[in-house]
Every structure is written in structure tokens, then in C-alpha cells.
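Novice: Mapping the sequence shown onto UniProt numbering, position 90 (from 1) lands on 90, and the numbers just tick up by one. For glycine and all other residues, C-beta sits at the position ideal for the given N, C-alpha and C. Attaching a single structure in C-alpha cells format; questions to follow.
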Amino acid sequence: MADVDIWFNSWARLQSIAVGSVFFFVFIVALMRLSGKRTTGQMNNFDWIITVAIGSLASSGILLKNVSIADAALAMVLLAALQSATTWLALRSPRFAGLVKPHPRILAEDGRYLREALRAERVTEAEVRAKLRAHGMTRLSEANFFGCRP
Numbered sequence: 001m002a003d004v005d006i007w008f009n010s011w012a013r014l015q016s017i018a019v020g021s022v023f024f025f026v027f028i029v030a031l032m033r034l035s036g037k038r039t040t041g042q043m044n045n046f047d048w049i050i051t052v053a054i055g056s057l058a059s060s061g062i063l064l065k066n067v068s069i070a071d072a073a074l075a076m077v078l079l080a081a082l083q084s085a086t087t088w089l090a091l092r093s094p095r096f097a098g099l100v101k102p103h104p105r106i107l108a109e110d111g112r113y114l115r116e117a118l119r120a121e122r123v124t125e126a127e128v129r130a131k132l133r134a135h136g137m138t139r140l141s142e143a144n145f146f147g148c149r150p
């Protein structure tokens, strides 16, 4: 690869990137509107991962020569559809919801740390104390309980 290729390939390549960028901007806005507010307004870890994957697919469709716009758009639609199907099924099946949705966990109660819960959530006592301070508390005993939300 010549040094010039690092800074500039061709006008055709820049045009392709510009067209892909505009397309995916409009496409992602439409996809997010169709997916509903969960995609952006009420994101949990699952939603966040899918959204990042959709962004990654868009960048692949824009920048990679071997990934067409249609390839990336199809993958994005499929991810959004699978996300919608998963949330739809979770709303209708408590058993399925238990499999795919994280549950809150109590990390401290009655002034005592629940060490097994801290370990399972990979949270340190120092992190709990920092959160307590952020809410105006100086001692763990000031909180009835301390939990970790998904």
C-alpha cells in the first residue's frame, strides 16, 4: 500500500462512503422509530448490545468494500426483528422473560454486605460505599438495603 492510500484512495470511494453514510443515517433513524422506544429510551444490556451491533453493521456497510449496503441493511433488520421478537415473547412468557432479562440483586442489607451477591455481580465494597456517598450517606447502615439494578 502506498503512503498516498492512507490519506486518499479515490473520489469514487469517497462518493461511495458518502452515499452509504447518508443511506444508513436515514435507515437507522427509520429502524429505531419502527423498533419502538425500548431501543433508545429504556435500554437494558441486551438492547444496548443489539444497538452497538447495528452500528457496527452500518459502519461495515459504509466502509468495507466486501460488505454491500444491502448485506448490512438485511443484517440490521434481522437483528432489530430478533430483538423485537425476544421482547414480545418476554412480555408474554414469564419463563422466557426469566431467561433473557436480568434480575435486580440485593448487595447489602441491614448494614451488612452480602458477600456472595457482591462476588456474583463483581461489585466491590468500595463501589457500594461510593454510590452511598453519591446519595448523601456515609455509612452502609443508613440504607435499609442496597441493590444492583440490571
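For my contact list, residue 73 and residue 61 are in at a C-beta cut-off of 8 angstroms; report their separation, rounded to the angstrom.
Specialist: The residue you call residue 73 lines up with position 73 of the sequence shown. The residue you call residue 61 lines up with position 61 of the sequence shown. About 7 angstroms; that satisfies the 8 angstroms criterion.
Novice: Within the chosen definition, does the segment 131-148 reach the segment 110-120 through at least 3 CB pairs nearer than 8 angstroms?
Specialist: yes
Novice: Return helix, strand or coil for residue 129, following the three-state DSSP convention.
Specialist: Walking along the sequence shown from the start, residue 129 turns up at place 129. The answer is helix: DSSP assigns residue 129 an H, G or I state.
Novice: Would the segment 22-37 and the segment 71-89 be scored as touching if the rule is three or more Cβ pairs under 8 angstroms?
Specialist: yes
Novice: Going by beta-carbon coordinates alone, are residue 50 and residue 79 separated by less than 9 angstroms?
Specialist: Taking the sequence shown and counting its residues from 1, the one referred to as residue 50 is at position 50. Taking the sequence shown and counting its residues from 1, the one referred to as residue 79 is at position 79. Yes, these two residues count as a Cβ contact at 9 angstroms.
Novice: Do you know offhand how far residue 16's Cα is from residue 123's?
Specialist: Along the sequence shown, one-based indexing puts residue 16 at 16. Along the sequence shown, one-based indexing puts residue 123 at 123. Each residue's Cα considered, the two are about 46 angstroms apart.
Novice: For residue 112, list the residues DSSP reports as bridge partners.
Specialist: Position 112 of the sequence shown holds residue 112. In the DSSP output, where bridge partners are listed per residue, residue 112 has 109.
Novice: My understanding is that residue 58 touches residue 24, with C-beta atoms under 8 angstroms, so please give their C-beta distance in whole angstroms.
Specialist: In the sequence shown, the residue the question calls residue 58 occupies position 58. In the sequence shown, the residue the question calls residue 24 occupies position 24. Correct: roughly 4 angstroms between the Cβ atoms.
Novice: Using 10 angstroms around the beta-carbon of residue 20, count the other beta-carbons present and answer buried if the total reaches 16, otherwise exposed.
Specialist: The sequence position of residue 20 within the sequence shown is 20, counting from 1. Its Cβ being crowded by 16 or more others within 10 Å, residue 20 is buried.
Novice: Alpha carbon to alpha carbon, how far is residue 101 from residue 128? Give it in angstroms, no decimals.
Specialist: Counting from 1 along the sequence shown, the entry for residue 128 is found at position 128. Counting from 1 along the sequence shown, the entry for residue 101 is found at position 101. Their backbone Cα atoms lie some 23 angstroms apart in a straight line.
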